[in-house]
Amino acid sequence: MDEPKDDFDDSEQEPLVLRFQCFIPENEYGIEEGYYIGNALVQLLRDNKDKPDVIQFIADMLEE
110 MDEPKDDFDD SEQEPLVLRF QCFIPENEYG IEEGYYIGNA LVQLLRDNKD KPDVIQFIAD
170 MLEE
């Protein structure tokens with residue numbers, strides 16, 4: 110059985126960069142309330158990498 114031919118060549122495609130913001134509301138984890146984007150969100154995750162409950166909270170905020 111022949112595989113369908115994929116005519117899409119992504120060798121010259123620009124990478125898709127998605128920018129979004131995440132609002133962190135008042136919380137019990139000591140995270141300052143406000144909007145986080147890009148590197149600020151990454152830093153927030155890194156700062157709390159050893160705190161699973163905080164990471165779960167951040168994940169929940171990203172999901173909404």
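To convert a position in the sequence shown, counted from 1, into our numbering, add 109.
Ideal Cβ positions, reconstructed from N, Cα and C, are used throughout, including at glycine.
* What are the uninterrupted segments assigned as alpha helix (DSSP H) that are 4 or more residues long and contained completely in the region 118-160, given in chain order? -> 147-156
* Please determine, among E137, I133, P161, the residue with the shortest C-alpha to C-alpha distance to L150. => The residue given as residue 150 occupies position 41 in the sequence shown. Closest by alpha carbon: I133.
* Rounded separation between C131 and S120 - CA only -> Counting from 1 along the sequence shown, the entry for residue 131 is found at position 22. Counting from 1 along the sequence shown, the entry for residue 120 is found at position 11. Cα to Cα, the separation comes out at about 32 Å.
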